[in-house]
Amino acid sequence: MTTTKRQRILFLCTGNSARSQMAEGLLRHFAGDRYEVFSAGTRPSGLNPNAVTAMAELGINIAGSRSKSVDEFAGQQFDYVFTVCDNARESCPIFPGGGKRLHESFEDPAATPADHQLGVFRKVRDQISERLQDFLRCEC
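Residue numbers (my numbering): 1 to 140.
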């Protein structure tokens, strides 16, 4: 019996509060059987409740997640390191143990005025979802 090793992916953001958390939840939902998926931040700041709400609307529960520092993953090997904001890409230009680097900067939904935030969280969630589906189609 051949066991296929799942590829490891790390999503990086600044606070690991929204974009990287949503990316982790989405990829686990789409292809968790194919990947070990993690997320972290260069300056973790706690899980944003609007990220939890936006993901729950798709039936994906990230409520039990926590913000993690990229330092928690020091020395680990990853097949892909995917930065989802420019700040993370600039703060962490080389991630030891990182394989292929991918980057796409998504708007920070938490920077939006509170009365419009949930709508922006939904928009960013959907943009991340589209990007991850493209990734899964070509794995690039």
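No residue lacks a Cβ here, since even glycine has one placed at the ideal position from N, Cα and C.
Cβ pair residue i, residue j closer than 8 angstroms
i: G146; j: T14; result: Summary: the structure shown does not reach residue 146, with the chain confined to residues 1 through 140, and so no result is reported for it.
i: R66; j: Y35; result: no
i: R122; j: A54; result: yes
i: S20; j: L27; result: no
i: V81; j: G99; result: yes
i: A51; j: I60; result: no
i: F78; j: R8; result: yes
Spatially closest choice to residue i from the options, by CA coordinates
i: F38; options: M22, T53, Q117 and R131; result: M22
i: G49; options: L10, F135, Q117 and G99; result: Position check: residue 49 holds Pro in this sequence, whereas Gly was assumed. When each option's Cα is compared against that of P49, the closest is Q117.
i: S129; options: D33, A110, L58 and L10; result: L58
i: R125; options: D108, L10 and D115; result: D108
i: K29; options: A74, F73 and A56; result: Note that residue 29 corresponds to His in the displayed sequence, not to Lys. Closest option to H29, Cα to Cα, is A56.
Beta-carbon proximity list for residue i, same chain, < 7 angstroms, skipping 5 on both sides
i: N16; result: S39, A40, G41, P44, S67 and K68
Reduced DSSP secondary structure (H/G/I, E/B, other) of residue i
i: E36; result: strand
i: I128; result: helix
i: R6; result: coil
i: K68; result: coil
i: V81; result: strand
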